[in-house]
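Number of protein chains: 2
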Amino acid sequence: MKPVTLKQIAETLGISITTVSKALKDYPDVSKKTKALVKDLAQTLNYKPNSFAVNLRTKESKTIGLIVPEIVHHFFSSVIKGIISQAEKKGYLVITLQSNESYDLERKQIELLLNKRVDGILISLANQTADYNHLNAVMSNNTPLVMFDKIAKLVKCSKVLINDREAAYKATQHLIDTGCKKIAHFRGPLLPQNSIDRFLGYKKALIDNGITYDSSLVYILKDMSYEEGRFYAKKLVDEHEGVDGIFINTDLVAIGAITEFNSLKIKVPEDISVIGFSNWFMSSVISPSLTTINQPGFEIGKKAFKLLYKEINSKKNDKIINFKEVILDTQLVLRESTKS
Amino acid sequence: MKPVTLKQIAETLGISITTVSKALKDYPDVSKKTKALVKDLAQTLNYKPNSFAVNLRTKESKTIGLIVPEIVHHFFSSVIKGIISQAEKKGYLVITLQSNESYDLERKQIELLLNKRVDGILISLANQTADYNHLNAVMSNNTPLVMFDKIAKLVKCSKVLINDREAAYKATQHLIDTGCKKIAHFRGPLLPQNSIDRFLGYKKALIDNGITYDSSLVYILKDMSYEEGRFYAKKLVDEHEGVDGIFINTDLVAIGAITEFNSLKIKVPEDISVIGFSNWFMSSVISPSLTTINQPGFEIGKKAFKLLYKEINSKKNDKIINFKEVILDTQLVLRESTKS
DNA sequence: CTGAAAGCGCTTACAG
DNA sequence: CTGAAAGCGCTTACAG
Numbered sequence: 001m002k003p004v005t006l007k008q009i010a011e012t013l014g015i016s017i018t019t020v021s022k023a024l025k026d027y028p029d030v031s032k033k034t035k036a037l038v039k040d041l042a043q044t045l046n047y048k049p050n051s052f053a054v055n056l057r058t059k060e061s062k063t064i065g066l067i068v069p070e071i072v073h074h075f076f077s078s079v080i081k082g083i084i085s086q087a088e089k090k091g092y093l094v095i096t097l098q099s100n101e102s103y104d105l106e107r108k109q110i111e112l113l114l115n116k117r118v119d120g121i122l123i124s125l126a127n128q129t130a131d132y133n134h135l136n137a138v139m140s141n142n143t144p145l146v147m148f149d150k151i152a153k154l155v156k157c158s159k160v161l162i163n164d165r166e167a168a169y170k171a172t173q174h175l176i177d178t179g180c181k182k183i184a185h186f187r188g189p190l191l192p193q194n195s196i197d198r199f200l201g202y203k204k205a206l207i208d209n210g211i212t213y214d215s216s217l218v219y220i221l222k223d224m225s226y227e228e229g230r231f232y233a234k235k236l237v238d239e240h241e242g243v244d245g246i247f248i249n250t251d252l253v254a255i256g257a258i259t260e261f262n263s264l265k266i267k268v269p270e271d272i273s274v275i276g277f278s279n280w281f282m283s284s285v286i287s288p289s290l291t292t293i294n295q296p297g298f299e300i301g302k303k304a305f306k307l308l309y310k311e312i313n314s315k316k317n318d319k320i321i322n323f324k325e326v327i328l329d330t331q332l333v334l335r336e337s338t339k340s
Numbered sequence: 001m002k003p004v005t006l007k008q009i010a011e012t013l014g015i016s017i018t019t020v021s022k023a024l025k026d027y028p029d030v031s032k033k034t035k036a037l038v039k040d041l042a043q044t045l046n047y048k049p050n051s052f053a054v055n056l057r058t059k060e061s062k063t064i065g066l067i068v069p070e071i072v073h074h075f076f077s078s079v080i081k082g083i084i085s086q087a088e089k090k091g092y093l094v095i096t097l098q099s100n101e102s103y104d105l106e107r108k109q110i111e112l113l114l115n116k117r118v119d120g121i122l123i124s125l126a127n128q129t130a131d132y133n134h135l136n137a138v139m140s141n142n143t144p145l146v147m148f149d150k151i152a153k154l155v156k157c158s159k160v161l162i163n164d165r166e167a168a169y170k171a172t173q174h175l176i177d178t179g180c181k182k183i184a185h186f187r188g189p190l191l192p193q194n195s196i197d198r199f200l201g202y203k204k205a206l207i208d209n210g211i212t213y214d215s216s217l218v219y220i221l222k223d224m225s226y227e228e229g230r231f232y233a234k235k236l237v238d239e240h241e242g243v244d245g246i247f248i249n250t251d252l253v254a255i256g257a258i259t260e261f262n263s264l265k266i267k268v269p270e271d272i273s274v275i276g277f278s279n280w281f282m283s284s285v286i287s288p289s290l291t292t293i294n295q296p297g298f299e300i301g302k303k304a305f306k307l308l309y310k311e312i313n314s315k316k317n318d319k320i321i322n323f324k325e326v327i328l329d330t331q332l333v334l335r336e337s338t339k340s
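Encoded structure:
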């Protein structure tokens, strides 16, 4: 019933614990014969090293922590999948936590993970996070940290990103290229860097194309929900005439907007073109289907883990860690919600 | 730089490690004065117990393992969220793994978790899983195990479920009540218990209503994907005339089917009524929106953790564990894909 | 090639 | 009220 230990194997075989340990780990200074003996017995007894003891000795847990703002979310669940699958390949397990976009929770979760002594932390920040002490604490605790998607520019660590500004530019340019003249923007809250960047890309595209920027056409949303999409779509048409295009920060909101337009009998894209951001699966099945920017969640997750893994190993070998900023490509995905 | 230990606090204060340890844990046999002294210093030094050492001593990790077939999936991500949020409240962290519906992966992951010595395991089985040795291994290893959604009837452990048969009956009955006479069924593979139960509920509803069961109207799908939904929707209308209703095992497939009907100019629900299962978010935003059975993922997750938590504590206190089977309620969600 | 010994950082039964 | 000691199960530097 009780788990088998090195001691039991050693006693059964009449040799020392040291030799058993070395034999199992294929140390060169153990005879072939002894190794065979030990390994055989370990096998038949179904010996598994006690990970608690191994952790204590080696000071590593082969576990990493992951904090995302939301789990029930196409983009983040794709990222999680990418991280977990990659981690598993490298022998790491992943503890996932969800901040619910709350700074307080995020801070507590960082502490939980640090107390747990995970080997590294992966995080996409909560919208509410404006203070980076908890992140700097991770760094000064010497725990590798990689941020992705919603990052803090000011924190010195590796990051995995897309070029939000360029992608937003591309999206807005597409609206312009297909004939839109009066283009609104539903943006995220003032804080996460990517909602700033997407806004700036939108603005720059307008200006580069000789369209006057009108700040009243920019709506700042809070929770980026479907309901908000509906609400602001209504508000937009109540407050403005002749808007013929919108670039929306994220697909879920865009889907809300399209639904609202449908129910208001405003035709998409004939009356108004809509372009989203992120390429959620459901964007391809609603009608009209949503033109959007593809944001490669799975690859972002994989890449983020790979960076973290390298840093964990560099740390182990006392090498200097060079922070990297990896930018992944995005694609414009053409569908029915914009004109051709 | 190095983490603070009990030893350092003891030396600084000139008392024993034992007393420091007891003071921090508020043992009654330490003087108020000493406690205050110790706690103060611990605070200022930002002492955090080394979880590796604590794990080794207490033989518990305050960590549980979770295996789901798929993460990028509305239902499972809701369950994960429920589990993680509940676990966090009780001081448990969750290691999540994804089996990709593969039996081999699932088996390896169980072993990973057991080697990691998690305090308990939560699992929803892969479709491919037909052999339960790995699950019985968990039980005989004395690690609490709770299964949810896709379970194995033969494994003796606690389970969190919905009444799939009854819910499927309810769905089929709704089609009948709204005038459908020739009702098809897209079911899941032969193995997961819930696809069997949903099929049985469908069949029983037909029979109870005097409709002859026709096995050629039942299609057995493999991966329950959107693409399969489209494919079988086409196949159904190619092979049968006059089908006026379908009950589909899961929303994603139903959404594929509706998309296919839309593109074939078959009107839903006028020509054919469609009812899904699970109530994915996107089902409410497609058009026509999908009538379905709500399956409370978040609550299933919460309940599953609560059961596991009880078992972990029972085990710790050497109490007998009584396996429970909790059945959660489902609701019929009426939308546009069925007649009223 | 083998093993005695120290130590990772805690907890707790026991003695005083 | 305090502390010495054993022990959780490993790993590894060192001696032989």
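Chains A and B, in that order, give the protein sequences. Under full-length UniProt numbering, think of the first position of the first sequence as 1, with each following residue one higher. Under full-length UniProt numbering, think of the first position of the second sequence as 1, with each following residue one higher. Glycine included, every Cβ here is placed at the ideal spot set by N, Cα and C.
Exercise. Between the C-alpha atoms of B/Phe305 and A/Val333, what's the straight-line distance to the nearest angstrom?
Worked result: Counting from one through the second sequence, the residue named residue 305 of chain B turns up at place 305. Counting from one through the first sequence, the residue named residue 333 of chain A turns up at place 333. Rounded to the nearest angstrom, the two C-alpha atoms are 40 Å apart.
Exercise. In angstroms, rounded to a whole number, what distance separates the CA positions of A/Asn262 and A/Arg165?
Worked result: As a first step, residue 262 of chain A must be located in the first sequence, where it is residue number 262. As a first step, residue 165 of chain A must be located in the first sequence, where it is residue number 165. Computed Cα separation, rounded: 29 Å.
Exercise. Out of curiosity, what's the CA-to-CA distance linking A/Lys204 and A/Gly229?
Worked result: Translated into positions along the first sequence, residue 204 of chain A becomes position 204. Translated into positions along the first sequence, residue 229 of chain A becomes position 229. Straight-line Cα distance between these residues: approximately 23 Å.
Problem set entry | Exposure label - B/Thr129; buried when at least 16 CB within 10 Å | Indexing the second sequence from 1 puts residue 129 of chain B at position 129. B/Thr129 counts as buried, since at least 16 other C-beta atoms from the protein chains shown sit within 10 angstroms of its C-beta.
Exercise. According to DSSP, what are the bridge partners of B/Phe148?
Worked result: Looking up residue 148 of chain B in the second sequence gives position 148. According to DSSP, which records beta bridges pairwise, B/Phe148 is partnered with B/Val160.
Exercise. Do the region 11-23 of chain A and the region 37-57 of chain A meet, that is, are 3 or more Cβ pairs less than 8 Å apart?
Worked result: Cβ pair count under 8 Å is three or more, so yes.
Exercise. What do you get for A/Gly210, buried or exposed, if any count of 16 or more other CB atoms within 10 angstroms of its CB means buried?
Worked result: Working through the first sequence from its first residue, we reach residue 210 of chain A at position 210. Answer is exposed; the Cβ neighbour count stays below 16.
Exercise. Just how far apart, CA to CA, sit B/Lys116 and A/Lys48?
Worked result: Numbered from 1 along the second sequence, position 116 holds the residue referred to as residue 116 of chain B. Numbered from 1 along the first sequence, position 48 holds the residue referred to as residue 48 of chain A. When the Cα atoms are used, B/Lys116 and A/Lys48 turn out to be separated by approximately 10 Å.
Exercise. Is the region 164-181 of chain A close to the region 241-249 of chain A, with three or more CB pairs under 8 Å?
Worked result: Result yes; three or more Cβ-Cβ pairs closer than 8 Å.
For this session: Give the DSSP-derived three-state secondary structure of B/Asn262 in the structure shown.
Result: Walking along the second sequence from the start, residue 262 of chain B turns up at place 262. B/Asn262 falls in the helix class under three-state DSSP.
Exercise. When the Cβ atoms of the region 25-36 of chain B are set against those of the region 65-79 of chain B, are three or more pairs found closer than 8 Å?
Worked result: Short answer: they don't touch.
Exercise. Any residues in the region 310-330 of chain A with a beta carbon nearer than 9 Å to a beta carbon of chain B? Which ones, in chain order?
Worked result: Nothing from the region 310-330 of chain A brings a Cβ to less than 9 Å from some Cβ of chain B.
For this session: Select from B/Leu175, B/Val285, B/Asp149 and B/Asp238 the residue whose C-alpha is nearest the C-alpha of B/Asp197.
Result: As a first step, residue 197 of chain B must be located in the second sequence, where it is residue number 197. For B/Asp197, the nearest C-alpha among the options comes from B/Asp149.
Exercise. Does the region 123-142 of chain A come close enough to the region 47-63 of chain B to have 3 or more Cβ pairs within less than 8 Å?
Worked result: Result no; under three Cβ-Cβ pairs closer than 8 Å.
Problem set entry | Burial state of B/Gln173, where buried means 16 or more other Cβ atoms lie within 10 Å | Your numbering for residue 173 of chain B matches position 173 in the second sequence. Burial call: buried.
For this session: Would you kindly report the start and end of the unbroken beta strand (DSSP E) that includes B/His185?
Result: Position 185 of the second sequence, counted from the start, is the residue given in the question as residue 185 of chain B. Looking at the DSSP string, the run of the beta strand (DSSP E) that includes B/His185 is Ile183 to Arg187.
Problem set entry | B/Tyr219: first and last residue of the uninterrupted beta strand (DSSP E) it sits in | What you label residue 219 of chain B is simply residue 219 of the second sequence in a count that begins at 1. Its beta strand (DSSP E) spans residues Val218 to Ile220.
Exercise. Hey, out of A/Asn294, A/Tyr219, A/Gly120 and A/Asn194, whose CA is closest to A/Ser314's CA?
Worked result: Your numbering for residue 314 of chain A matches position 314 in the first sequence. For the residues A/Asn294, A/Tyr219, A/Gly120 and A/Asn194, the minimum Cα distance to A/Ser314 belongs to A/Gly120.
Exercise. So, does the CB of A/Ile84 fall closer than 8 Å to a CB anywhere in chain B?
Worked result: On the first sequence, position 84 is the one that residue 84 of chain A refers to. Residue contact check for A/Ile84 against chain B: a CB pair falls below 8 Å.
Exercise. Is there contact here, the region 185-195 of chain B with the region 221-236 of chain B, by at least three beta-carbon pairs under 8 Å?
Worked result: Judged by Cβ distances under 8 Å, the region 185-195 of chain B makes contact with the region 221-236 of chain B, as three or more pairs qualify.
Exercise. With DSSP run on the structure shown, which of helix, strand or coil describes A/Phe75?
Worked result: Mapped onto the first sequence, residue 75 of chain A falls at position 75. DSSP, read as helix, strand or coil, puts A/Phe75 in helix.
Exercise. Expressed to the nearest angstrom, what Euclidean distance is found between the alpha-carbon atoms of A/Ile253 and B/Ser289?
Worked result: Indexing the first sequence from 1 puts residue 253 of chain A at position 253. Indexing the second sequence from 1 puts residue 289 of chain B at position 289. Before going on, a small fix: residue 253 of chain A reads as Val here, not Ile. Inter-residue distance for A/Val253 and B/Ser289 is about 18 Å (C-alpha atoms, whole angstroms).
For this session: Step through the CB atoms of chain A and report whether any lies within less than 8 Å of the CB of B/Thr250.
Result: Walking along the second sequence from the start, residue 250 of chain B turns up at place 250. B/Thr250 does not count as touching chain A.
Exercise. Excluding sequence positions up to five away, which residues of its chain have a Cβ less than 7 Å from the Cβ of B/Ser283?
Worked result: Counting from one through the second sequence, the residue named residue 283 of chain B turns up at place 283. Excluding positions up to five away in sequence, the list reads Asp251, Ile255, Gly276, Ser289, Leu290 and Thr292.
Exercise. Under 8 Å, do B/Lys159 and B/Met147 count as touching if we go by C-beta distance?
Worked result: Mapped onto the second sequence, residue 159 of chain B falls at position 159. Mapped onto the second sequence, residue 147 of chain B falls at position 147. B/Lys159 is a Cβ neighbour of B/Met147, given a cutoff of 8 Å.
Exercise. How is the beta strand (DSSP E) around A/Ile320 delimited, first residue to last?
Worked result: Here residue 320 of chain A is taken as the residue at index 320 of the first sequence, counted from 1. According to the DSSP assignment, A/Ile320 belongs to no beta strand (DSSP E), since it is labelled neither H nor E.
Problem set entry | alpha helix (DSSP H) segment containing A/Gln8, residue limits | Here residue 8 of chain A refers to the residue found at position 8 of the first sequence. Taken as a continuous stretch (DSSP letters only), the alpha helix (DSSP H) holding A/Gln8 covers Leu6 to Leu13.
Exercise. Which chain B residues sit within Cβ distance under 8 Å of A/Met282?
Worked result: Translated into positions along the first sequence, residue 282 of chain A becomes position 282. What A/Met282 touches in chain B: Phe281, Met282, Val285 and Ile286.
For this session: Answer yes or no: do B/Gly65 and B/Ile300 have a C-beta to C-beta separation smaller than 8 Å?
Result: Here residue 65 of chain B refers to the residue found at position 65 when the second sequence is read from its first residue. Here residue 300 of chain B refers to the residue found at position 300 when the second sequence is read from its first residue. Result no, Cβ atoms of B/Gly65 and B/Ile300 do not sit closer than 8 Å.
Exercise. Once you ignore the five residues that flank A/Arg153 on each side, which residues in its own chain have a CB closer than 7 Å to its CB?
Worked result: Numbered from its first residue, the first sequence carries residue 153 of chain A at position 153. It should be pointed out that residue 153 of chain A corresponds to Lys in this sequence rather than to Arg. Answer for A/Lys153: Gln193, listed in chain order.
Problem set entry | Spatial distance of B/Pro296 from A/Tyr213 (CA atoms) | In the second sequence, residue 296 of chain B corresponds to position 296, counting from 1. In the first sequence, residue 213 of chain A corresponds to position 213, counting from 1. Cα to Cα, the separation comes out at about 46 Å.
Exercise. Per DSSP, what kind of secondary structure is A/Phe247 in: helix, strand or coil?
Worked result: Residue mapping note: residue 247 of chain A aligns to position 247 of the first sequence, counting from 1. Strand at A/Phe247.
Exercise. Expressed to the nearest angstrom, what Euclidean distance is found between the alpha-carbon atoms of B/Val237 and B/Val274?
Worked result: One-based indexing of the second sequence puts residue 237 of chain B at position 237. One-based indexing of the second sequence puts residue 274 of chain B at position 274. Those two C-alpha atoms are separated by around 13 Å.
Exercise. If we call anything under 8 Å between Cβ atoms a contact, is A/Leu6 one with A/Leu37?
Worked result: By one-based count along the first sequence, residue 6 of chain A stands at place 6. By one-based count along the first sequence, residue 37 of chain A stands at place 37. Taking 8 Å as the Cβ cut-off, A/Leu6 and A/Leu37 do not qualify as a contacting pair.
Exercise. From what residue to what residue does the alpha helix (DSSP H) around A/Ser195 run?
Worked result: By 1-based counting over the first sequence, the position of residue 195 of chain A is 195. Boundaries of the alpha helix (DSSP H) around A/Ser195: Gln193 to Asp208.
Exercise. Going along the chain, which residues of the region 238-268 of chain B sit with their C-beta nearer than 7 Å to a C-beta in chain A?
Worked result: Of all residues in the region 238-268 of chain B, the ones placed with a Cβ closer than 7 Å to any Cβ belonging to chain A are Ile255 and Thr259, in chain order.
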